[in-house]
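S.K.: Position 58 of the sequence shown, counting from 1, maps to 58 under our numbering, and the rest follow consecutively.
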Amino acid sequence: MFITFEGGEGAGKSTQARLLAESMTAAGSTVLRTREPGGAPGAEVLRGLLLSREHDWSPPAEVYLHFAARAEHVARTIQPALARGAIVISDRFADSTMAYQGYGLGADRNLIAALSRLLPVRPDLTVVLEVSPAVAADRMAGRRQALDRYEAMGPAFHARVAEGFAAIVAAEPDRCAVVSADGGMNDVHRAVLAVIASRRPSPA
Ligand SMILES: Nc1ncnc2c1ncn2[C@@H]1O[C@H](COP(=O)(O)OP(=O)(O)OP(=O)(O)O)[C@@H](O)[C@H]1O
Ligand SMILES: [Mg+2]
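1. Does at least one heavy atom of ligand 1 sit under 6 Å from the Cβ of Ser-90?
2. Compute every distance between the C-beta of Ala-194 and the non-hydrogen atoms of ligand 1, then say whether any falls below 6 Å.
3. Consult DSSP for Ala-177 and reduce its assignment to one of helix, strand or coil.
4. Roughly how far, in whole angstroms, is the beta-carbon of Val-62 from the beta-carbon of Gly-42, given that I think they are within contact range, below 8 Å?
5. Give the DSSP bridge partners of Arg-35, in chain order.
6. Can you name, in chain order, every residue of its own chain whose Cβ lies under 8 Å from the Cβ of Leu-111, other than the five neighbours on each side?
7. Smallest Cα separation from Cys-176: which of Arg-149, Leu-129, Asp-138?
8. May I ask whether a heavy atom of ligand 2 can be found less than 6 Å away from the beta carbon of Ser-96?
9. Look at Val-121 and Val-74 and say whether their C-beta atoms are less than 7 Å apart.
10. Run the proximity test for Thr-34: is its beta-carbon closer than 6 Å to any non-hydrogen atom belonging to ligand 1?
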């Protein structure tokens with residue numbers, strides 16, 4: 001099983017990916033938690049190039065860099081873990097490229113959709129965490145690190161990203177589930193577990 005968490009900045013993706021991995025591990029599953037951009041040594045190098053504010057990539061170059069990182073992540077980390085029977089939980093995946101580069105930056109959405117279709121793996125379930133802009137801003141303010149390239153983009157960019165995630169969910173309702181992430185982290189975690197329980201094929 002391959003599960004991805006998606007959503008904007010400060011939605012709680014990393015927190016919820018960790019909580020889900022912990023509860024699935026406690027329930028006896030073998031879980032691999034990973035993230036994008038990154039998730040494999042070479043992909044983490046590309047992450048540095050993508051998130052650094054030193055570079056202002058052209059939109060198509062940025063799309064290809066994300067997919068180069070993803071190709072490495074899929075080949076080196078995700079596919080081997082799935083092959084040994086692990087549940088893979090990724091903090092972001094291809095939907096982030098559609099939302100951030102496609103909707104946010106105006107990169108070619110057909111290109112992104114085509115590259116996504118060519119990937120050898122597809123999430124079984126994508127949890128899209130939806131947070132109100134005020135709550136996201138509060139959570140981001142609680143952090144001490146300097147803003148990365150995407151975090152530094154303005155509210156209009158982040159509104160387009162949110163619109164992108166909503167369009168993805170509308171287009172693929174069987175794969176995607178929206179979970180409201182404004183509540184406390186344990187409430188959100190319970191909502192995530194409920195989604196997983198409701199989507200799992202019932203035992204024969
Ligand atoms: N439900 C919640 N209630 C309150 N605070 C939360 C909640 N979920 C996460 N946080 C806190 O908000 C901050 C952002 O959460 P987190 O890092 O999980 O978000 P993220 O979606 O991974 O963000 P990014 O896209 O920037 O990686 C963290 O400081 C985290 O501890
Ligand atoms: Mg995170």
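The beta-carbon is built from N, C-alpha and C at its ideal position, and this holds for glycine as well.
M.R.: Based on what the coordinates show:
1. No.
2. no
3. strand
4. Before going further, note that residue 62 is Glu rather than Val in the sequence given. About 17 Å; that fails the 8 Å criterion.
5. Asp-91
6. Pro-60, Val-63
7. Leu-129
8. Checking every heavy atom of ligand 2 against the Cβ of Ser-96, none is found closer than 6 Å.
9. yes
10. no
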